[in-house]
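In our numbering, the protein residues as written are 890 to 1062. Here's the structure we're looking at; comments come further down.
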Amino acid sequence: MNDLRYPIGQFTYKRPITEEMIDTWIQEIEDLPDELTKAIKDLDQKQLDTPYRVGGWTVRQVVHHVVDSHMNSYIRFKLALTEKNPTIKPYKEEKWAELPDSKLPVDVSLVMLDSLHKRWVNLLYSLELEDLEKTFNHPDTGETKLAAAIGLYAWHGRHHTAHITSLRKRLNW
890 MNDLRYPIGQ FTYKRPITEE MIDTWIQEIE DLPDELTKAI KDLDQKQLDT
940 PYRVGGWTVR QVVHHVVDSH MNSYIRFKLA LTEKNPTIKP YKEEKWAELP
990 DSKLPVDVSL VMLDSLHKRW VNLLYSLELE DLEKTFNHPD TGETKLAAAI
1040 GLYAWHGRHH TAHITSLRKR LNW
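Here is the structure:
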């Protein structure tokens, strides 16, 4: 049986990272607001409050989490572009998913995601090759190059969109 936590598999990529890979990943980041919006189209409140797996987040929490995560990533990129290998602040995503704003209508986060991604994609398209080599340090996972982080967050968006689309398929929604 497939692992419902990883409907598209875990994040991996081939080395070296090529310009073509970067372009594809940036396009996936650019497309995410529309893809996530399509994934939740016509879901009612009960469906939005359905966990994508036993013990997992609800569809609503997944949507809000994507925005929380991508806001953090955007800030990490800006830090890495303006400081030398900054140590970023991790956050407790599980606890964030329990905060009251995670119960808001999903449209609030979809609008936010769309605006955030417009700014982020503009920044990503402006990067020079040497910028892609810049890094940030995560206290738990270590040093990450911006090139790899672009791939990680492209995957992250597809990963959570697949949580929703695979749930819809399983439950025939």
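By construction, the Cβ of each residue, glycine as well, lies at the ideal position given by its N, Cα and C atoms.
DSSP three-state call for E1017: helix, strand or coil?
-> coil
So what's L966 in DSSP terms, helix, strand or just coil?
-> Per the sequence shown, the amino acid found at residue 966 is Phe instead of Leu. In this structure, F966 counts as helix in the three-state DSSP scheme.
Leaving out the 5 sequence neighbours to the left and right, which residues in its chain are closer than 7 Å to L1060 when beta-carbon positions are compared?
-> Excluding positions up to five away in sequence, the list is empty.
Applying the criterion that 16 or more other CB atoms from any shown protein chain within 10 Å of the CB defines a buried residue, is D957 buried or exposed?
-> Taking every protein chain shown into account, the CB of D957 has 16 or more other CB atoms within 10 angstroms, so this residue is buried.
Is it right to say A982 is buried, meaning 16 or more other beta carbons lie within 10 angstroms of its own, or is it exposed?
-> Note on identity: in this sequence residue 982 is Glu, with Ala being the wrong assignment. Counting Cβ neighbours within 10 Å, E982 comes out exposed, since fewer than 16 surround it.
Identify every run of the alpha helix (DSSP H) within the segment 911 to 955, keeping only runs that are complete inside it and at least 4 residues long; order them along the chain.
-> 934 to 937
Please report the residue range of the alpha helix (DSSP H) in which E983 lies.
-> 982 to 985
Exposure label - M890; buried when at least 16 CB within 10 Å = Annotation note: pLDDT 45 at M890 (below 50); position unreliable, no value reported.
Where T1024 falls: helix, strand or coil (DSSP) | Collapsing the DSSP output to three states places T1024 in a strand.
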